[in-house]
Every structure is written in structure tokens, then in C-alpha cells.
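Under the numbering used here, the first residue of the sequence shown carries the number 9, and numbering increases by one thereafter. Heads up, the beta-carbon is just placed ideally off N, CA and C, and yes, glycines get one too. In what follows, a structure is listed as C-alpha cells, so that the remarks can point back to it.
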Amino acid sequence: MALVNCYATVNDVAAELGISDVDDDARIERSIITASRQIDSECGRRFWADTVVVERNYWATSRVSLEVDDISTLTGLIVKLDTDDTGTYETTLTINTDFIVAPLNAADDYPVRPHTEILMLDTYTFPIHQRRPGVSVTAKFGWAAVPTDVNQACLIQAKGIYKSTSGTFSGFQLAADAGIVMRTPSLDPVARGLLEPFRKDWIG
Numbered sequence: 009m010a011l012v013n014c015y016a017t018v019n020d021v022a023a024e025l026g027i028s029d030v031d032d033d034a035r036i037e038r039s040i041i042t043a044s045r046q047i048d049s050e051c052g053r054r055f056w057a058d059t060v061v062v063e064r065n066y067w068a069t070s071r072v073s074l075e076v077d078d079i080s081t082l083t084g085l086i087v088k089l090d091t092d093d094t095g096t097y098e099t100t101l102t103i104n105t106d107f108i109v110a111p112l113n114a115a116d117d118y119p120v121r122p123h124t125e126i127l128m129l130d131t132y133t134f135p136i137h138q139r140r141p142g143v144s145v146t147a148k149f150g151w152a153a154v155p156t157d158v159n160q161a162c163l164i165q166a167k168g169i170y171k172s173t174s175g176t177f178s179g180f181q182l183a184a185d186a187g188i189v190m191r192t193p194s195l196d197p198v199a200r201g202l203l204e205p206f207r208k209d210w211i212g
């Protein structure tokens, strides 16, 4: 099983667990995958970037600003408008002429943050009160790099999930031998604290 779009490696989690062989690699991988997707759900976003541009459509509620899903890079960014509610995005905007993205200095932050808002300049406004979504954004969505705190949260959570299948999690003894069914553990409190600055509501 290959790790795809995950926030920790098998070697790192094995080191946290004090495991030096490869016998449990498959179980560690499953723990990492589960932990990574729990983090996505907890934060309302994901910390890996698309490898190719993807089109997403939005309804604007303001004529001058639009919150969008995380945009990892400005390379390949295309913004189009459907100004007559026909379902065809006939107007293509030019960055730094028709619109800018915010935060302005996201690429200089630590960790490097994505762009999450499009702001209109002088020429155009976003169409609002339409039946169809009036804005098309084509971009590589996600985060350019996994933040250190997200990596650490994944290590903590994956370690806990691994332990939950072998006997303990957060100090509680599993009771499989007694016929009690245990669900996947909820997010570790330390992991949740590390993820607090990265939570975001889903964009519609």
C-alpha cells in the first residue's frame, strides 16, 4: 500500500513507536492514511497540492471579494466570469490588472500559506444574485508544502491509531477479548491543539 497525499512517513512513525523492523509497515501505513484524512476533516482543508490545474466554480456574495479554496501557487491561475448567467464563463480576467489575490505575501509566510481570496480592482465586479455560479477559478489547489505542525500532528495521531489496534490508546485498554467493538480513536488533544491555527470553514 503506497502513501498518497499523507502528512508523515512510515520511517518517522516507526521511529516514534520505537520499531526498527518492517514487519508492521502495512499497519503503520494504514494508521498514517487514517490520521491524514482525519486531519483534513478536522481542518476543513487539505495540505497537499494538486499536480495539475483543476477548475472549481463559485457563487460570489460580494461584488469585490471572493473567498476561494486554498490556492497553492499562482502558476496556472485563471479566473473567469459568467456575467449573464448562461453557464458560459466568457470573461477572462488578468491578475494584477483586473484582480489581485490575498493574502498578498502568503508565499513569504512561515509556513508558506496558500492564497484564499480574490479581490477585484477597478475594471470588473463579481456577478451576484445569479442562478448559476458566476465565477470559475482554475488553479492548483491545496498547500505547497505540509506545515511542520501538521506533520507533527499526523505523527501523534498515527502513533495513537497504531497503538489502538495493538492494545492501548490514550491510556485506555481495548477490550477486544471481551467482545467490545472499538471505533477509530478521535483526534488526540495535542494533535488538535497543533491543528488549531489551520482550521477553516468549507467554501461553497
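**Request:** State buried or exposed for D196, treating a residue as buried only when at least 16 other CB atoms are found within 10 Å of its CB.
**Result:** buried
**Prompt:** Do the segment 16 to 26 and the segment 36 to 53 touch if we need at least three Cβ pairs shorter than 8 angstroms?
**Reply:** yes
**Endpoints, the alpha helix (DSSP H) within which Y170 is located** = T156 to S172
**Asked** Would you call L202 buried or exposed, if buried means 16 or more other Cβ atoms sit within 10 Å of its Cβ?
**Response** buried
**Item:** N65, enclosing beta strand (DSSP E) - first and last residue
**Value:** V62 to Y66
**Message:** Please tell me whether T91 and P141 are closer than 8 angstroms, where the distance is taken between their beta carbons.
**Reply:** no
**Message:** Tell me which residues share the same chain as A68 and place their Cβ nearer than 8 angstroms to its Cβ, disregarding the 5 neighbours each side in the sequence.
**Reply:** L74, F134, P135, I136, G142 and V143
**Message:** What does the alpha-carbon distance come out to for the pair Q160 and N104?
**Reply:** 37 angstroms
**Message:** Residues in the same chain with beta-carbon distance under 7 angstroms from L25, minus the five sequence neighbours each way, listed in chain order, please.
**Reply:** K167 and Y170
**Prompt:** Mapping DSSP to helix, strand and coil, what is L11?
**Reply:** coil
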